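Asker: In this note's numbering, the protein residues as written are 1 to 627. Note that beta-carbon positions come from the ideal geometry of N, C-alpha and C, so glycine has one too. In this text, all values refer to a predicted model and were calculated from it rather than measured experimentally.
Next comes the structure, spelled out in structure tokens:
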């Protein structure tokens, strides 16, 4: 074969390979559209099944606008990296939503621009973290087809907040896909919505929590006597359920059995309870039997959790006194993996009881609020006529046990009325047959939040309210209101989103480097302490030499003093050299580790790929020879 023929065949082969490559690329774009592979250790880019199911159910177009100030953040690499993390997760949302139903747009709100005005109109907040305190926007706004808007004011890169990033984004999209306010049914034995104060003979104002909840939810009062709770109620909010009849308990039970969510506040000694309660009547102690027993939960309706660590100070006769029954919980007492309590700082409780899981119960029991190990159970009677809170310390012996003050129940539950509606002799009219036919004896996906305190809702424990020019201003000093809002918000959402908990963060520290640094720092501190100890000892000896001199008026040093000082200087030079050696060893260990990683990335991996390629060629040639 001539040289020209071989060249023609070579060119033809290249053309064919080019065409095959182009066809393969086009085919992969079609056949592999939407195929994604997440190789991160914590599956950072793999959405939870609940989020995917929610996204696939979007019916109307939703527009998302990610606002991020580009120029002022050029020297803020951590914030820019987190912006990429948020953007990539939003892109995953778009990829899983139906085509054209979720539209993402990046917006750079340059200062004094129309985009900055848009960010402000959407309710986004700027953080003055840019150069010279320049405002930086990093938030998300969304709109739906009917004009409803929702927003995340600012994405906090703190790991405790970033772990709930998927939930934040999914909740915003869900709210836009379902713009109608969720209906919350309120069944209360205390005057949350206002009432009549028998002491002042005047109407009482609604509690601050009532004002806050009504801004976000459609609150509907549930009658104290009922056999059925409306199906359109998303969450049943039960507060201090005293004097409930069997019919109402059955209605609550069946609401939960058919998938309804519930937020329940009970109390061994509610100080806010009064005989003039609007619905259920008086009584300081409340529980929800026989429902709790059927659900596998026990509540201490006659015991108060006293805690010496979290006790709040109250005004005494002559000085402030710590009240063991009034607790100010901090973050250590809260579950930071549950969206209800994550990120909250302080929750104040008053005379709270505790929950335990019964033996053999199958429901998942997750503590949300706990006491400290410095706590003990005291009879509720001790708090009824308590004059001096300091008396609670008499005989107080902490048992080292932590008590669950609030918890979440998830999973299978059995009905407290397995055979149908209870038998009530004095029922005014018979139970409707249609209601009997809908009776359920169990559920597999219950989701209930239990709180062992009612006073946590009262104004005095978390907010100062005052009237100003006819408006009621709220100044919260604790996160009690946030806790209730988070609970109702979480329970009222899609069943697919309620199960979303915290995820791993995208931050991947160099753990080996940090270990080396900690070890070297420990050595450094030890050597530094030795230097300081020798310095102190030398100064002491110099002082002794000076005090023992007979010629104290002379400014000249004795030979002994000169020798001691020279010895110290020599020792000081030696120890400083050791300090530098420790620091050099630290850098050397870290540099050695970096060199190893560079060799692996630059040489070892390509070498392995080359060896594999040669093996493939060798195998192919061996097969040809055999043939």
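Once the 5 residues before and after residue 134 are set aside, which same chain residues still bring their CB inside 6 Å of it?
Answerer: Contacts found: 72.
Asker: Is it buried or exposed, residue 297, if we count other Cβ atoms within 10 angstroms and call 16 or more buried?
Answerer: By the 10 Å Cβ count, residue 297 comes out buried.
Asker: Please report the distance separating the alpha-carbon of residue 307 from that of residue 138.
Answerer: Roughly 41 Å separates the two Cα atoms.
Asker: Rounded to whole angstroms, what is the Cα-Cα separation between residue 466 and residue 263?
Answerer: Distance between the alpha carbons of residue 466 and residue 263: 28 Å.
Asker: Within the continuous beta strand (DSSP E) that includes residue 628, where are the two ends?
Answerer: Absent from the model: residue 628. The displayed extent of the chain is 1 to 627, so no value can be given.
Asker: Going by beta-carbon coordinates alone, are residue 304 and residue 325 separated by less than 9 Å?
Answerer: The answer is yes: Cβ separation under 9 Å.
Asker: Could you give the C-beta distance for residue 487 and residue 449, rounded to a whole number, given that I count them as a contact under 8 Å?
Answerer: Contact flag correct, Cβ pair sits at about 5 Å.
Asker: Do you know how far the Cα of residue 111 is from the Cα of residue 185?
Answerer: If I take the Cα positions, the gap works out to 45 Å.
Asker: Which of helix, strand or coil does DSSP assign to residue 466?
Answerer: Correct three-state label for residue 466: strand.
Asker: Does DSSP put residue 374 in a helix, in a strand, or in coil?
Answerer: It is coil, neither helix nor strand.
Asker: Can you list, in chain order, the residues of its chain with a C-beta nearer than 8 Å to that of residue 628? Leave out the 5 residues immediately preceding and following it.
Answerer: Here the chain comprises residues numbered 1 to 627, so residue 628 is not present and cannot be evaluated.
Asker: Report the option in 63, 436, 116, 394 whose CA atom is closest to the CA atom of residue 70.
Answerer: Residue 116 is the option with its Cα nearest to residue 70.
Asker: Give the C-beta separation of residue 260 and residue 236 to the nearest angstrom, bearing in mind that I take them to be a contact with Cβ-Cβ under 8 Å.
Answerer: 6 Å between Cβ atoms; contact.
Asker: Between which two residues does the beta strand (DSSP E) containing residue 439 stretch?
Answerer: It is not in any beta strand (DSSP E) - residue 439 carries neither H nor E in the DSSP assignment.
Asker: Return the CA-CA distance between residue 84 and residue 74, expressed in angstroms with no decimal places.
Answerer: Taking the straight line from one Cα to the other gives about 13 Å.
Asker: The beta strand (DSSP E) with residue 293 in it runs from where to where?
Answerer: Segment 291-295 is the alpha helix (DSSP H) holding residue 293; no beta strand (DSSP E) there.
Asker: Once DSSP output is grouped into helix, strand and coil, what is the label at residue 137?
Answerer: The answer is strand: DSSP assigns residue 137 an E or B state.
Asker: Quick one: Cα of residue 613 to Cα of residue 92, how far?
Answerer: Spanning the two alpha carbons is a distance of roughly 34 Å.
Asker: Put residue 337 into one of helix, strand or coil per three-state DSSP.
Answerer: If DSSP states are grouped into helix, strand and coil, residue 337 belongs with coil.
Asker: Determine the direct distance from the alpha carbon of residue 620 to that of residue 337, and round the result to whole angstroms.
Answerer: If I take the Cα positions, the gap works out to 54 Å.
Asker: Output needed for residue 373: all residues of its chain with C-beta closer than 7 Å, excluding positions within five of it in sequence on either side, in chain order.
Answerer: Hits under 7 Å: 398, 400, 401, 402.
Asker: Where residue 168 and residue 101 are concerned, what is the direct C-alpha to C-alpha distance, given to the nearest angstrom?
Answerer: One C-alpha to the other measures close to 19 Å.
Asker: With H, G and I counted as helix, E and B as strand and the rest as coil, what does DSSP make of residue 149?
Answerer: Strand, per DSSP.
Asker: Alpha carbon to alpha carbon, what distance is there between residue 610 and residue 15?
Answerer: Cα to Cα, the separation comes out at about 26 Å.
Asker: Hey, is the stretch 406-414 in contact with the stretch 357-365, meaning 3+ C-beta pairs nearer than 8 Å?
Answerer: At 8 Å Cβ cutoff, the stretches touch.
Asker: Could you give the distance in angstroms between the alpha-carbon of residue 504 and the alpha-carbon of residue 165?
Answerer: Because residue 504 carries a pLDDT of 45, less than 50, the predicted location of this residue cannot be relied on, and no value is offered for it.
Asker: Return the chain-ordered list of same chain residues with a C-beta closer than 6 Å to the C-beta of residue 242, the five sequence neighbours on each side being excluded.
Answerer: These residues qualify, in order along the chain: 189, 280, 283, 286.
Asker: How is the beta strand (DSSP E) around residue 202 delimited, first residue to last?
Answerer: Residues 202-204.
Asker: Can you give the beta carbon distance from residue 195 to residue 271, rounded, assuming they're within the 8 Å contact cut?
Answerer: That pair is no contact at about 16 Å.
Asker: With 16 as the cutoff for other CB atoms within 10 Å, does residue 39 come out buried or exposed?
Answerer: A caution first: residue 39 carries a pLDDT of 49, below 50, which makes its placement in the model unreliable, though a value can still be read off. Exposed.
Asker: Per DSSP, what kind of secondary structure is residue 480 in: helix, strand or coil?
Answerer: Residue 480 falls in the helix class under three-state DSSP.
Asker: Between the Cα of residue 452 and the Cα atoms of 96, 240, 216, 151, which residue gives the shortest distance?
Answerer: Of the listed residues, the one whose Cα sits closest to residue 452 is 240.
Asker: Taking only three categories from DSSP, how would you classify residue 127?
Answerer: Residue 127 falls in the strand class under three-state DSSP.
Asker: In the DSSP assignment, find the unbroken alpha helix (DSSP H) run with residue 175 in it and report its ends.
Answerer: Counting along the chain, the alpha helix (DSSP H) containing residue 175 begins and ends at 165-177.
Asker: For a quick check, are the C-beta atoms of residue 439 and residue 254 less than 9 Å apart?
Answerer: Yes, the Cβ-Cβ distance between residue 439 and residue 254 is below 9 Å.
Asker: Pop quiz: residue 99 and residue 66 are said to be a contact at Cβ under 8 Å. What is the actual Cβ separation, rounded to whole angstroms?
Answerer: Actually they do not touch by this definition, with Cβ atoms about 20 Å apart.
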